[in-house]
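Below: the structure, in structure tokens.
4 protein chains.
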Amino acid sequence: MDYQAVLDEVAAQVKPQIGRGRVAQYIPALASVDADRFGIALADVDGHVTGVGDWERPFSVQSISKAFSLALVLADDGEKLWRRVGREPSGNPFNSLVQLEYENGIPRNPFINAGALVVTDRLQTLTGDASTTMLDFLRAESGNPDLAFDQEVAVSESAHGDRNAAVAHFMASYGNLHNPVPTVLEHYFWQCSIEMSCRDLALAGGFLARHGLRADGSRLLSQSEAKRVNAVMLTCGTYDAAGDFAYRVGLPGKSGVGGGIVAVVPGRCTLCVWSPGLDARGNSVAGVAALDHFTTLTGWSVF
Amino acid sequence: MDYQAVLDEVAAQVKPQIGRGRVAQYIPALASVDADRFGIALADVDGHVTGVGDWERPFSVQSISKAFSLALVLADDGEKLWRRVGREPSGNPFNSLVQLEYENGIPRNPFINAGALVVTDRLQTLTGDASTTMLDFLRAESGNPDLAFDQEVAVSESAHGDRNAAVAHFMASYGNLHNPVPTVLEHYFWQCSIEMSCRDLALAGGFLARHGLRADGSRLLSQSEAKRVNAVMLTCGTYDAAGDFAYRVGLPGKSGVGGGIVAVVPGRCTLCVWSPGLDARGNSVAGVAALDHFTTLTGWSVF
Amino acid sequence: MDYQAVLDEVAAQVKPQIGRGRVAQYIPALASVDADRFGIALADVDGHVTGVGDWERPFSVQSISKAFSLALVLADDGEKLWRRVGREPSGNPFNSLVQLEYENGIPRNPFINAGALVVTDRLQTLTGDASTTMLDFLRAESGNPDLAFDQEVAVSESAHGDRNAAVAHFMASYGNLHNPVPTVLEHYFWQCSIEMSCRDLALAGGFLARHGLRADGSRLLSQSEAKRVNAVMLTCGTYDAAGDFAYRVGLPGKSGVGGGIVAVVPGRCTLCVWSPGLDARGNSVAGVAALDHFTTLTGWSVF
Amino acid sequence: MDYQAVLDEVAAQVKPQIGRGRVAQYIPALASVDADRFGIALADVDGHVTGVGDWERPFSVQSISKAFSLALVLADDGEKLWRRVGREPSGNPFNSLVQLEYENGIPRNPFINAGALVVTDRLQTLTGDASTTMLDFLRAESGNPDLAFDQEVAVSESAHGDRNAAVAHFMASYGNLHNPVPTVLEHYFWQCSIEMSCRDLALAGGFLARHGLRADGSRLLSQSEAKRVNAVMLTCGTYDAAGDFAYRVGLPGKSGVGGGIVAVVPGRCTLCVWSPGLDARGNSVAGVAALDHFTTLTGWSVF
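Just so you know, the protein sequences line up as chains A, B, C and D, in that order.
With the working numbering applied, the first sequence has no gaps in its numbers, which climb one by one up to 452 at the end.
With the working numbering applied, the second sequence has no gaps in its numbers, which climb one by one up to 452 at the end.
With the working numbering applied, the third sequence has no gaps in its numbers, which climb one by one up to 452 at the end.
With the working numbering applied, the fourth sequence has no gaps in its numbers, which climb one by one up to 452 at the end.
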């Protein structure tokens, strides 16, 4: 398949959607991003990458980092993680805290903030430095040694972090955080602040399309584990719109409020799309539309 | 692939699980089923069917009927349905009523009871006889003209139906049921009471593997619609265990408290497994295990 | 104290509030009431009654009936009722169904609809005709043999009764209704439909000020029971505004969406005020203001 | 009335209840208290105080402090407080966080932890030292200059304070805390740690029986404000048992998990009872029973 032609076609079809939605406003560093940006990149399982638009321009990965921290913990720790975090969709967002209470401090899945805090806590215990561990991994997989944290974003997240602090203390009250709450929050915010381009992310997520093999051919996850990360991405990866995303796109995906979405066609390729305007549920409007066009054009929905 | 050999192997592996869990107790007709039953059938896209164990023995389809009523309404009515029912997973079951209240009487998805009542209401409006319409469809697709309602089950469900009546009246208070509540409940209970074997159900669900084509080659759903029903099955088809089912099995599936599960390998085949012992979330213990073995043996998870 | 002068003063002070708020709209018979009505009556413990404004004009008692059904069941059945209904305030209304679910079908108190349905169910079991029993009681206590049900209101409530039907079926699913759901709903709606004036209600509620003695001097409730009904009125009698009512008025009270409020000064008198405009929580705007003025003028708050 | 004789009689009647329930376990300093303690004190409006049993033995006031911080803020700030905290009962405890979310960070009332944190935050803003302000007030009213914080308790509360930290950060995310979260938590924990005897507390709460007048005759609260604090105590003062407390005791009261309860007979006297064994809702078993006997013996329920 001529990937470049497909991406060009996707970019042409999605044009009317670019700029729609609302750029994340809760911290200045995100609010100042140009709403009209759009990029998409595709990396095949052999590591060839191509793209369109702003596909080489870095943006804030935000919650996309949750997919990588999950993979890193599963790689090191296996199934034990599931004693501390579930893998069920979380229903509507307003329930987050009552669900934590109802389920004794066990988050529903690793992709809601509560679950990602548990994953980060575990990665911190396993490595002693959760955020640097992730940055090193992303540099290696993307082949981009210049990847870095965005300090302004990290500090700003922390300053606006009362809700995450509330969730973290709440889980700590159930004994489900093992490191000090401020330590966990700090590594969590630094992970979210990493800046990457569509190109970087499509390459970094390559192991999910290669059934667990890293860029250098070594194994990060078993075939079964890699499929399972994809399953969690499909059922829980796009906030409270996972059902809609499965319905429209039909691929495992993980989105972030920076406007990026990573999506996986198992055995074929990893995509990353970016456009900052978000819908009411926090997913990129043009990004979802682009992936919808992509699976329609290629027929590569998993269904 | 030698399907018969695969199913034999699955049946051998699953043996220790048969009889585990708890047979549904809320109505006598279900409670009296022998817990040690186990059957599995596979129908390929050409309509060849094979099976193992109790695969030709009828059981109560219960919630598996929800997949068929959804398909029948989408076939007739298209996307309009989604104004009255969502397609997001519902989170934990205890939230069902508060979610309905929070979301103004719009159920989260067509596979929770609330959503299936809306689908049945719509099918009733479209056809004038929702339960007979479904029975006729199932007879045609399975090639089994003897399929029938189990009157004892239907009457018994109705007699124990206060919780469904509560949900139905609650939605009616938001104007989201158009037929009289007792009519909707009656057709809903009759649909659930249909008796079918694994063989019947694997054949009847064939259109989901054939991207929308019925047994006679005519089109029920467009390719895109068929994929979308599969997407809803994967994200919402197994009660509050959809994430776990995606993680372990990795196929679209729909379960019922009669102990049956229908699962789809898009483009290849439809399976139906049956064993009455249920886990805490209402899914067949041996059934889920059998499908887990099946995808491990074949590598046919969608991920 | 010159009650007539006090009521005149209250009526003068409350004038700017009359007509404020919103007349109940959910059934036509209530929606057509003139918003500018206002009446207040005071019956002392000797049965002398005086009033101002529209104090002799009948209106729909609605939820005020809940105080009488509670008293009738306690009189006959004593403390046993509390096994089936609690006596704690219910928090915000949006929780009603989730609370019922969390607390296994036991309503929080007898003055939310769920609790009143349980009380009506018990009264039906005890008497065979809950609504007529209440009507007879109210006729006797008010000395007004012409009191009657308003059939138009009762039928209309029933036609708009899906939410109450949902609550009733939900409790039935927990075994907390003993009569058929339609029977309980019917008697509940008929009780709510009774038409009474402020004069009638102030007299009918006299036993609450007389520590349990009826108008004819016979005992309905023990002194202790009467105090306890007052306690439940104070903590739960005005929907989700009981705290505010206690804060501003400081008397046990029971309101209805017809715009009436009965309030009790233990040992001294019973008041009834009526004005149809309701605040956002369903209590009469001018009614609450009038009682606030009354306790400020007299110093007769229980605190 | 011979108060000493009444208290002796109460103490005799309550004997079988002493030692029942469970001493608070969440911090060692509370868990080590002798479960068999019981004391009760009564201070009349003239400041004469009498008592029985362990009435002069200090214990940890815990949530009883919430009544004093509320009074101190109302005295200084008047009705403005109610923009930041409600005065409605909170329903069952499991809803605390979802209610905060549903109501945009406004706690239901000043006696749940969330509300008391807001009150402490305001007192801190008004005085610059919320906990010392309260200690000085309690010393003056009780006439006991030796009252002190229990440092072990305060430090221990802080070390086990993740749930309160969660609530505080959650409100901060809505802008409803104006001082830094750690500052507010610290003053809150120190207030709770104050040690007082029944004698001290009965005297310190005298202004509530004297309609707002302090021990030295100066006015802390207006008559109307004092009544209103009593109203909030009656509807919200005993956790999720306020309805039951009103039903059985019929007096405004505020309890703490140290086993103390302060209750007010407006215009007559203030009582304090102490016994460390708590019921499932956190109120002293023998304490509630003693107050129940007291109002039965004296007839001094407000109802």
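Idealized CB from N, CA, C, for every residue including glycine.
Note that the structure is predicted; figures quoted are calculated from it, not measured.
**Prompt:** What separation, rounded to the nearest whole angstrom, lies between the Cα atoms of Lys215 (chain D) and Ala265 (chain D)?
**Reply:** Those two C-alpha atoms are separated by around 6 Å.
**Message:** Excluding the 5 residues flanking Val302 (chain C) on each side, which residues of the same chain have their C-beta closer than 6 Å to its C-beta?
**Reply:** If you ignore the 5 residues before and after Val302 (chain C), its C-beta comes within less than 6 Å of the C-beta of Ala178, Ser209, Ser342, all in its own chain and listed in chain order.
**Item:** Alpha carbon of Ala375 (chain D) to alpha carbon of Ser404 (chain D), nearest angstrom
**Value:** Per the coordinates, the alpha-carbon of Ala375 (chain D) lies some 18 Å from the alpha-carbon of Ser404 (chain D).
**Request:** Could you list the residues in the stretch 420-451 of chain C with a C-beta less than 7 Å from some C-beta on chain D, going in chain order?
**Result:** Of all residues in the stretch 420-451 of chain C, Ser450, Val451 have a Cβ within less than 7 Å of some Cβ in chain D.
**Asked** Whose CA, out of A:Asp365, A:Pro294, A:Arg312, A:Lys164, lies closest to the CA of Ala510 (chain D)?
**Response** This structure cannot settle anything about residue 510 (chain D), because the visible part of chain D is limited to 150 through 452.
**Request:** Could you tell me which of C:Ala192, C:Phe187, C:Gln174, C:Tyr175 sits nearest to Ala364 (chain C), measuring between CA atoms?
**Result:** The shortest C-alpha separation from Ala364 (chain C) is found at C:Ala192.
**Asked** Should His360 (chain C) and Val159 (chain C) be called a contact, given that it needs their Cβ atoms to be closer than 7 Å?
**Response** Against a cut-off of 7 Å, the Cβ pair of Val159 (chain C) and His360 (chain C) comes out as no contact.
**Item:** Beta bridge counterpart(s) of Phe208 (chain A) as assigned by DSSP
**Value:** Phe208 (chain A) pairs with A:Met345.
**Prompt:** Just reading off the beta strand (DSSP E) that Asp193 (chain C) is part of, what are its end residues?
**Reply:** Under the DSSP assignment, Asp193 (chain C) falls in the beta strand (DSSP E) whose first and last residues are 188-193.
**Prompt:** Distance, Cα to Cα, Val268 (chain A) vs Tyr396 (chain D)?
**Reply:** Straight-line Cα distance between these residues: approximately 48 Å.
**Prompt:** Listing by chain order, which chain C residues have their CB less than 8 Å from the CB of Phe319 (chain B)?
**Reply:** Per Cβ cutoff of 8 Å: Leu246, Asp311, Arg312, Ala315.
**Message:** Let me see if you follow: with CB-CB separation under 7 Å, is Asn379 (chain C) close to chain F or not?
**Reply:** The structure shown contains no chain F; the protein chains it does contain are A, B, C and D.
**Message:** Is it buried or exposed, Ala180 (chain A), if we count other Cβ atoms within 10 angstroms and call 16 or more buried?
**Reply:** Per the 10 Å Cβ criterion, exposed.
**Asked** Which residue's Cα is closest to the Cα of Gly402 (chain C): C:Leu334, C:Ser433, C:Asp203, C:Ala184?
**Response** When only C-alpha atoms are compared, the closest one is C:Ser433.
**Asked** Taking C-beta to C-beta, are Ala184 (chain C) and Gly168 (chain C) nearer than 7 Å?
**Response** Closer than 7 Å, so yes.
**Request:** Pick helix, strand or coil for Ile176 (chain A), following the three-state DSSP scheme.
**Result:** Three-state result, Ile176 (chain A): coil.
**Request:** Measure the alpha-carbon distance for Val451 (chain C) versus Val222 (chain C) and round it to whole angstroms.
**Result:** Cα-Cα distance, rounded: 26 Å.
**Request:** Taking Ser307 (chain B) as part of the alpha helix (DSSP H), name the residues at either end of that continuous run.
**Result:** Residues 300-308.
**Helix, strand or coil at Val163 (chain D) [DSSP, three-state]** = The three-state secondary structure of Val163 (chain D), taken from DSSP, is helix.
**Request:** Can you check DSSP and say which residues form a bridge with Ala297 (chain D)?
**Result:** In DSSP, Ala297 (chain D) forms a bridge with D:Glu344.
**Request:** Going by DSSP, name the residue or residues bridged to Gly170 (chain A).
**Result:** Gly170 (chain A) is not bridged to any residue.
**Prompt:** Roughly how many angstroms separate the alpha carbons of Ala438 (chain D) and Val398 (chain D), rounded to a whole number?
**Reply:** About 8 Å.
**Asked** Under three-state DSSP, which class holds Gly227 (chain C)?
**Response** Assignment of Gly227 (chain C) by DSSP, reduced to helix, strand and coil, places it in the helix class.
**Prompt:** Run through DSSP, which three-state label would Phe243 (chain B) get?
**Reply:** Annotation note: pLDDT 48 at Phe243 (chain B) (below 50); position unreliable, no value reported.
**Asked** What's the gap between the Cα of Phe260 (chain D) and the Cα of Tyr388 (chain D)?
**Response** Whole-angstrom Cα-Cα distance: 8 Å.
**Message:** I want to verify the contact list: residues of chain D whose CB lies under 7 Å from the CB of Tyr396 (chain C), in sequence order.
**Reply:** Result: Arg236, Arg377, Ala380, Val381.
**Prompt:** Expressed to the nearest angstrom, what Euclidean distance is found between the alpha-carbon atoms of Leu334 (chain D) and Gln273 (chain A)?
**Reply:** The C-alpha of Leu334 (chain D) lies about 27 Å from the C-alpha of Gln273 (chain A).
**Message:** At the 7 Å Cβ level, is Pro165 (chain D) part of the contact set with chain C, yes or no?
**Reply:** Cβ-Cβ to chain C under 7 Å: no for Pro165 (chain D).
**Message:** Using a Cβ-Cβ distance cut-off of 7 Å, determine whether Ser322 (chain B) contacts chain C.
**Reply:** So yes, Ser322 (chain B) belongs to the interface.
**Prompt:** Should Gln211 (chain A) be labelled buried (16 or more other beta-carbon atoms within 10 Å of its own) or exposed?
**Reply:** Looking at its Cβ environment, which holds 16 or more other Cβ atoms inside 10 Å, Gln211 (chain A) is buried.
**Message:** Do Gln166 (chain C) and Ala435 (chain C) have their beta-carbon atoms positioned less than 7 Å apart in this structure?
**Reply:** Taking 7 Å as the cut-off, the Cβ atoms of Ala435 (chain C) and Gln166 (chain C) count as close.
**Asked** Hey, is Thr387 (chain A)'s beta-carbon within less than 7 Å of any beta-carbon in chain B?
**Response** Chain B, which has no Cβ nearer than 7 Å to the Cβ of Thr387 (chain A), makes this no.
**Message:** In the DSSP output, which residue or residues are listed as bridge partners for Gly402 (chain B)?
**Reply:** In the DSSP output, where bridge partners are listed per residue, Gly402 (chain B) has B:Ala412.
**Asked** Is there a Cβ from chain A that is less than 7 Å from the Cβ of Gly170 (chain B)?
**Response** By this cut-off, Gly170 (chain B) is not an interface position.
**Message:** Taking the straight line between their C-alpha atoms, what separation do you get for Arg206 (chain B) and Met283 (chain C)?
**Reply:** Straight through space, the alpha carbons of Met283 (chain C) and Arg206 (chain B) are spaced by roughly 57 Å.
**Prompt:** Candidates D:Val381, D:Asp428, D:Gly386, D:Arg271: which alpha carbon is nearest Pro329 (chain D)'s?
**Reply:** That would be D:Arg271, whose Cα lies nearest to the Cα of Pro329 (chain D).
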